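Colleague: The structure that follows is given in the form of C-alpha cells.
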Amino acid sequence: MSQISQFNQEKNIKGMLPDKITSFWQQGLFHSFSGVNKVNIHYAQFIQQQEQLPTIVIVSGRGESYLKYQELTFDLYQQGYNIFILDHRGQGLSGRLLANLHKGYVAKFQHYVDDLHYFIENIVTHHCPAKPYLLAHSMGAAIATRFMQDSPKAIAAAVISSPMLGFYSGLLPTSIAYTLIAAKLTLNNLISKTPWYFFGQKNYSAVTFSENKLTHSTKRYQIFIDLYKKNNVIQLGGVTTHWLAQSIAAQKNIFANMAQLKTPILLLQAGRDSVVCQQAQNDFCQQLHKLQPQSCPKGVPSRIDGALHELFFEIDDYRNSALSQTINWFKQHKTAAAIS
Numbered sequence: 001m002s003q004i005s006q007f008n009q010e011k012n013i014k015g016m017l018p019d020k021i022t023s024f025w026q027q028g029l030f031h032s033f034s035g036v037n038k039v040n041i042h043y044a045q046f047i048q049q050q051e052q053l054p055t056i057v058i059v060s061g062r063g064e065s066y067l068k069y070q071e072l073t074f075d076l077y078q079q080g081y082n083i084f085i086l087d088h089r090g091q092g093l094s095g096r097l098l099a100n101l102h103k104g105y106v107a108k109f110q111h112y113v114d115d116l117h118y119f120i121e122n123i124v125t126h127h128c129p130a131k132p133y134l135l136a137h138s139m140g141a142a143i144a145t146r147f148m149q150d151s152p153k154a155i156a157a158a159v160i161s162s163p164m165l166g167f168y169s170g171l172l173p174t175s176i177a178y179t180l181i182a183a184k185l186t187l188n189n190l191i192s193k194t195p196w197y198f199f200g201q202k203n204y205s206a207v208t209f210s211e212n213k214l215t216h217s218t219k220r221y222q223i224f225i226d227l228y229k230k231n232n233v234i235q236l237g238g239v240t241t242h243w244l245a246q247s248i249a250a251q252k253n254i255f256a257n258m259a260q261l262k263t264p265i266l267l268l269q270a271g272r273d274s275v276v277c278q279q280a281q282n283d284f285c286q287q288l289h290k291l292q293p294q295s296c297p298k299g300v301p302s303r304i305d306g307a308l309h310e311l312f313f314e315i316d317d318y319r320n321s322a323l324s325q326t327i328n329w330f331k332q333h334k335t336a337a338a339i340s
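So, in C-alpha cells, the structure goes:
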C-alpha cells in the first residue's frame, strides 16, 4: 500500500472528521507546563505503544491551536511516529498575554523559542530520548528555525512549511511597510501602554471560504471554522504592531545567523501563498544550501504549485505531496534521529 493511500482523504470528511480520527484524538495526553514568565503553555502528546519509534514535534502557525491538527496528527501517527505539539503563548489553549484576549501579541519573539526549547528538552526527550524531527508551519517555522540556531544539535531533521521568513506586503514595497510598522509602534509606545492592533487588524471574525487565503479544501476549511466556533476560547484576532516588529526582528536574526543552522532542513513552498513572502523563502534556501548542502536540495524550496498557505490542510493532491515529502525527508535522516 502506498503512503498516499494511507493518508486521510477529503472523501472521508463528511461534515466532521471520521470517527477513527476523533477516537484516536481522545487517547492523547493533554497537559501544560510553565513557560517564560510563568505563562501556561498547553500541549498534546501521542506516544506509540511500541518503543523506540521516531518522534515528530509539530510547531504550528500563528492563531492556531493543536486542536486544529487532529487530522495531521492522526496521519503522522499512523506512519509510525510519536507526536508532540504545543500551543504557543498568547494563542490556542495557552495563556493569553493582554486584557483583550483576541490581540495577537508576544512581548519578545524569543519567548516562543524559549518555550519550544523547554518543551523539547524537558518533555519530549523525557518521554522519547532520541533526537526528534521538527515539522513546523508559518510562524511556527520561524520559531523552529530560531530554535535550531540556538540549539544546533537538538534536532535530527526538519521540514518547514510555508515559513514566515518575510511578510507578503502586496503592492506596498517592503521598506515602506516596515517604516509604517516602526512609526506606528513608536506612536503606540508614546501614547499608550496598551499594544494597538496594526492597520486593518481586529478581533476574531470568521472568514468565508471564498475570501480565505489558506486552502482550496472546502471540507477542511469548514472543519476549521466549526472548531473555532465551538471552542471560542481558542479564537484569536489580528496582530498588534508590537508583534509585527518582534517578528520582523526575528526574521532578520534568522538570516543573520544562517551559519548556525546545522540541522538538515527541507522547505516546502506553497505556490500561491499570499500570506508570507516567497522571495524570502527563495533567499533562505539559496543561502542555506551554500552553507549546508544537505539542506534545501539544489538550493531552492520544494515548491507545490497551485497550493495556498496551509499545505497540510489543502486539497488531497497538495496535502498528499506535502505529507509524502515530509515523511521521505525524515526517513532520509533516520540515522541522525537514532543518535540521542
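Sequential numbering of the sequence shown, starting at 1, is according to UniProt numbering. From the three backbone atoms N, C-alpha and C, an ideal C-beta is built for every residue, glycine too. Predicted model, so just to flag it, every value in this text is computed and none were measured.
To the nearest angstrom, how far is it from the Cα of F147 to the Cα of L134?
Modeller: Counting from one through the sequence shown, the residue named residue 147 turns up at place 147. Counting from one through the sequence shown, the residue named residue 134 turns up at place 134. Rounded to the nearest angstrom, the two C-alpha atoms are 10 Å apart.
Colleague: Please give me, in chain order, every unbroken run of the beta strand (DSSP E) with length at least 3 that falls completely inside the segment 90–138.
Modeller: Qualifying beta strand (DSSP E) stretches, in chain order: 133–137.
Colleague: Could you say if the segment 158–174 and the segment 260–269 meet the contact criterion of at least three C-beta pairs nearer than 8 Å?
Modeller: The segment 158–174 vs the segment 260–269: in contact.
Colleague: For the alpha helix (DSSP H) that F24 lies in, which residues bound it at each end?
Modeller: Along the sequence shown, read from residue 1 onward, the residue named residue 24 stands at position 24. Per DSSP, F24 belongs to the alpha helix (DSSP H) from D19 to W25.
Colleague: Of all the options S302, F312 and T145, which has the alpha carbon lying nearest to the alpha carbon of L261?
Modeller: Position 261 of the sequence shown holds residue 261. The residue with the shortest Cα to Cα distance from L261 is T145.
Colleague: To which residues of the same chain is D75 closer than 7 Å at the C-beta, ignoring the five residues directly before and after it?
Modeller: Position 75 of the sequence shown, counted from the start, is the residue given in the question as residue 75. Excluding residues within five positions, the ones whose Cβ falls inside 7 Å are F7, N8 and L323.
Colleague: Counting contacts by CB-CB distance shorter than 7 Å, is E71 in contact with chain B?
Modeller: Given the protein chain composition of this structure (a single chain), no chain B is represented.
Colleague: Should residue 343 and G61 be called a contact, given that it needs their Cβ atoms to be closer than 7 Å?
Modeller: Here the chain comprises residues numbered 1 to 340, so residue 343 is not present and cannot be evaluated.
Colleague: Return the residue from the list F84, C277, R303 and K213 that minimises the CA-CA distance to I123.
Modeller: Counting from 1 along the sequence shown, the entry for residue 123 is found at position 123. The shortest C-alpha separation from I123 is found at F84.
Colleague: Would you check if there are 3 or more beta carbon pairs closer than 8 Å linking the segment 15–22 to the segment 93–109?
Modeller: As far as the Cβ criterion goes, the segment 15–22 does not touch the segment 93–109, which means the pair count is below three.
Colleague: Tell me whether the beta-carbon of G35 lies closer than 7 Å to the beta-carbon of D150.
Modeller: As a first step, residue 35 must be located in the sequence shown, where it is residue number 35. As a first step, residue 150 must be located in the sequence shown, where it is residue number 150. It is not a contact, given that the beta carbons lie outside the stated cut-off.
Colleague: When the distance is taken between beta carbons, is T241 closer than 7 Å to N189?
Modeller: Against the sequence shown, residue 189 aligns to sequence position 189. Against the sequence shown, residue 241 aligns to sequence position 241. Cβ distance not < 7 Å, so N189 and T241 don't count as in contact.
Colleague: For V300, which option in K108, I315, Q281 and F312 has the closest C-alpha, if you only look at C-alpha atoms?
Modeller: Along the sequence shown, read from residue 1 onward, the residue named residue 300 stands at position 300. Taking only the C-alpha atoms, the option nearest V300 is Q281.
Colleague: When you compare each of K219, L29 and I327 to G80 by their alpha carbons, which one comes out closest?
Modeller: By 1-based counting over the sequence shown, the position of residue 80 is 80. Comparing Cα positions, the closest option is I327.
Colleague: Please classify I191: is it buried, with 16 or more other beta-carbons within 10 angstroms of its beta-carbon, or exposed?
Modeller: Translated into positions along the sequence shown, residue 191 becomes position 191. So I191 counts as exposed.
Colleague: Leaving aside the five residues before and after I181 along the sequence, list all residues of the same chain whose C-beta is less than 8 Å from its C-beta, in chain order.
Modeller: Here residue 181 corresponds to residue number 181 of the sequence shown, with the count starting at 1. Once the five neighbours on either side are set aside, the close Cβ partners of I181 are F198, T241, L244, A245 and I248.
Colleague: If you scan the segment 130–216 from start to end, which runs of the alpha helix (DSSP H) of 4 or more residues do you find wholly inside it?
Modeller: As far as the segment 130–216 is concerned, its whole alpha helix (DSSP H) runs of at least 4 residues are 139–150 and 174–191.
Colleague: Since S274 contacts Y178 with CB under 8 Å, what's their CB separation in whole angstroms?
Modeller: Counting from one through the sequence shown, the residue named residue 274 turns up at place 274. Counting from one through the sequence shown, the residue named residue 178 turns up at place 178. Not really, about 18 Å apart at Cβ, beyond 8 Å.
Colleague: Between L172 and Q50, what straight-line distance do the alpha-carbon atoms span, to the nearest angstrom?
Modeller: Indexing the sequence shown from 1 puts residue 172 at position 172. Indexing the sequence shown from 1 puts residue 50 at position 50. Each residue's Cα considered, the two are about 53 Å apart.
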